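To start, the structure under review is shown below, and the notes come after it.
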Amino acid sequence: MSAVPKELRNLPGADAHELVRATPIRSVYVYEAPVRLWHWMNALSITVLAVTGYLIGSPLPTMPGEASDHFLMGYIRFAHFAAGYLFAVGMLGRVYWALVGNHHARELFTVPIFSKAYWLDIVMMFKWYAFLIPQPNRYVGHNPLARFAMFFVFVLLSVFMIVSGFALYGEGLGMGSWADKAFGWLIPLMGQSQDVHTWHHLGLWVMVIFVVLHVYAAIREDIMGRQSVVSTMVSGYRTFKD
Ligand code: HEM
Ligand code: HEM
Numbered sequence: 195m196s197a198v199p200k201e202l203r204n205l206p207g208a209d210a211h212e213l214v215r216a217t218p219i220r221s222v223y224v225y226e227a228p229v230r231l232w233h234w235m236n237a238l239s240i241t242v243l244a245v246t247g248y249l250i251g252s253p254l255p256t257m258p259g260e261a262s263d264h265f266l267m268g269y270i271r272f273a274h275f276a277a278g279y280l281f282a283v284g285m286l287g288r289v290y291w292a293l294v295g296n297h298h299a300r301e302l303f304t305v306p307i308f309s310k311a312y313w314l315d316i317v318m319m320f321k322w323y324a325f326l327i328p329q330p331n332r333y334v335g336h337n338p339l340a341r342f343a344m345f346f347v348f349v350l351l352s353v354f355m356i357v358s359g360f361a362l363y364g365e366g367l368g369m370g371s372w373a374d375k376a377f378g379w380l381i382p383l384m385g386q387s388q389d390v391h392t393w394h395h396l397g398l399w400v401m402v403i404f405v406v407l408h409v410y411a412a413i414r415e416d417i418m419g420r421q422s423v424v425s426t427m428v429s430g431y432r433t434f435k436d
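Residue numbers for the sequence shown follow the numbering used here, beginning at 195 and rising by one.
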């Protein structure tokens, strides 16, 4: 009964609670349209890159007949490269929006590692995910742990996948091509072409682990946390349950 405002206390219990629940929930506009559009395009391009990349590394059995009749691996590689361009151009657009968008648009690229309060919040989130505390804090933007994983896993890995992907792409385009000139330096730096293939392939599994944990956390927070989560990446608005 303590959460019920004074003017409602003389109403019968159930009615008072109904009224309290009916009071408008405060909402905050967090993710602007370009961030939301980028998020879902990025999720789509990574899904295509992961499936086609896996098939490039573990090709399907040989098709019967003339290779030119079906061009199966050709289409798989084409889809990989097209999604690769979308992913890379999307990241450039996202960096631009971090410069011109609201302050939440910058959260993906900045981590306040020198703030003690930030680390205390991270410990708190760990405890919440491990079911050790009954309630997490409320966050308007990303929660502190999400922010850490998004920068140190997602952003850095994405840069590596783009640079290594275009270095390999440059091998296909040929010596002296734009991709070879811009990214070809990575191949001798990492050893030789097969080393770049192996690390680029390993990157797939790191990305898969990130996405599995990210989607789990997003849906879990929506159900168990104190604020809207998935709908926030659709409408842009964060609403609070209490
Ligand atoms: C390949 C798949 C995905 C990747 C790589 C990915 C990556 C990301 C990244 C980098 C952000 C930070 C956005 C920013 O600040 O600009 C983010 C936020 C978010 N993502 Fe995803 N995402 C993926 C799929 C999904 C899916 C399927 C869902 C829904 C179930 C989802 C729900 C969310 C939500 C709710 C946020 C905002 C979290 C918050 O407010 O703290 N994501 N995602
Ligand atoms: C999330 C991002 C990405 C993932 C998960 C991914 C995944 C993969 C995987 C698993 C392979 C097979 C490696 C092997 O075993 O040899 C591959 C190959 C390749 N990827 Fe990616 N990739 C990504 C981004 C990119 C980008 C941005 C490009 C740029 C165009 C790119 C271009 C290539 C090329 C050229 C190959 C070699 C194709 C071949 O040898 O036939 N990738 N990728």
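Note that the Cβ used here is the ideal one computed from N, Cα and C, for glycine as well.
Note that the coordinates shown come from a computational prediction; the quantities given were computed from them, not determined experimentally.
Residue i (DSSP reduced to helix, strand or coil)
{"i": "residue 222", "result": "strand"}
{"i": "residue 304", "result": "coil"}
{"i": "residue 365", "result": "helix"}
{"i": "residue 388", "result": "helix"}
{"i": "residue 260", "result": "coil"}
{"i": "residue 337", "result": "coil"}
{"i": "residue 429", "result": "helix"}
{"i": "residue 371", "result": "coil"}
{"i": "residue 271", "result": "helix"}
{"i": "residue 416", "result": "helix"}
{"i": "residue 290", "result": "helix"}
{"i": "residue 346", "result": "helix"}
{"i": "residue 324", "result": "coil"}
{"i": "residue 236", "result": "helix"}
{"i": "residue 359", "result": "helix"}
Identified DSSP bridge partners for residue i
{"i": "residue 421", "result": "434"}
Residues near residue i in its chain [Cβ-Cβ closer than 8 angstroms; skip 5 each side]
{"i": "residue 271", "result": "246, 250"}
{"i": "residue 428", "result": "230"}
{"i": "residue 400", "result": "347, 351"}
{"i": "residue 235", "result": "280, 284"}
{"i": "residue 371", "result": "364"}
{"i": "residue 227", "result": "430"}
Supposed close pair residue i, residue j - CB separation, criterion 8 angstroms
{"i": "residue 432", "j": "residue 224", "result": "5 angstroms"}
{"i": "residue 390", "j": "residue 343", "result": "Actually they do not touch by this definition, with Cβ atoms about 25 angstroms apart."}
{"i": "residue 420", "j": "residue 330", "result": "7 angstroms"}
{"i": "residue 265", "j": "residue 303", "result": "Rounded, the Cβ-Cβ distance is 40 angstroms, inconsistent with contact."}
{"i": "residue 348", "j": "residue 404", "result": "6 angstroms"}
{"i": "residue 280", "j": "residue 239", "result": "4 angstroms"}
{"i": "residue 301", "j": "residue 278", "result": "Wrong, their Cβ atoms sit about 26 angstroms apart, outside the cutoff."}
Sequence-distant residues of its chain with Cβ nearer than 7 angstroms to residue i (five each side left out)
{"i": "residue 423", "result": "412, 415, 416"}
{"i": "residue 332", "result": "420, 421, 434"}
{"i": "residue 286", "result": "none"}
{"i": "residue 242", "result": "273, 277"}
Backbone CA spacing between residue i and residue j [nearest angstrom]
{"i": "residue 263", "j": "residue 253", "result": "17 angstroms"}
{"i": "residue 325", "j": "residue 283", "result": "39 angstroms"}
{"i": "residue 396", "j": "residue 354", "result": "11 angstroms"}
{"i": "residue 273", "j": "residue 298", "result": "32 angstroms"}
{"i": "residue 380", "j": "residue 220", "result": "50 angstroms"}
{"i": "residue 267", "j": "residue 255", "result": "10 angstroms"}
{"i": "residue 339", "j": "residue 315", "result": "8 angstroms"}
{"i": "residue 275", "j": "residue 386", "result": "21 angstroms"}
Minimum Cβ-Cβ distance from residue i to chain B less than 9 angstroms
{"i": "residue 250", "result": "In the displayed structure, chain B is absent; only one protein chain is listed."}
Proximal residues to residue i (C-beta, below 6 angstroms), its chain only, five neighbours per side dropped
{"i": "residue 373", "result": "360, 363, 364, 367"}
{"i": "residue 288", "result": "232"}
{"i": "residue 376", "result": "none"}
Distance cut-off 8 angstroms: residue i Cβ against heavy atoms of ligand 4
{"i": "residue 423", "result": "With respect to ligand 4, the structure offers nothing, as its ligand set consists of ligand 1 and ligand 2."}
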